[in-house]
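**Student:** Let me give you the structure first, and then I'll get to my questions.
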Amino acid sequence: MQSMLNKHLEIYTKKHNLEGRCTLLRDLHTFGISEPDVEAQMKVYIEREEPIKIMTLVHDGIVTINIIASSTDRENTKNILDKAEQDIRKKLGNAVL
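Going letter by letter, the sequence shown gives residues 1 to 97 in our numbering.
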């Protein structure tokens, strides 16, 4: 899965002209909630392009939420990820491990 994600990020970076920008990834794991339910809650992020993108993966009964953020510097990118994580945790509550 890691190699697939790395390939996706490489293609995404080229497609969206992100070279020279800081792009960070954070994973959140959920349990007890289906992937369609997670996607429904994440719809506002899934349909966005910049500066953040979210995708979900399912494995062993756990839905993993990949958060990809990009901006001009690392500190700003980290702040974007922190805000998105807080929002996701608020939306999904105890389902986020």
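Just so you know, even glycine gets a beta-carbon here, dropped at the ideal spot from N, CA and C.
Per DSSP, what kind of secondary structure is R21 in: helix, strand or coil?
**Tutor:** Here R21 sits in coil by DSSP.
**Student:** Out of N66, K15 and R74, which has the shortest C-alpha to C-alpha gap to V96?
**Tutor:** N66
**Student:** Quick check: what's the CA-CA separation for L24 versus T13?
**Tutor:** 11 Å
**Student:** Which residue marks the beginning of the beta strand (DSSP E) containing H59, and which one marks its end?
**Tutor:** I52 to H59
**Student:** Helix, strand or coil for S70, going by three-state DSSP, please let me know.
**Tutor:** When DSSP states are grouped into helix, strand and coil, S70 belongs to the strand group.
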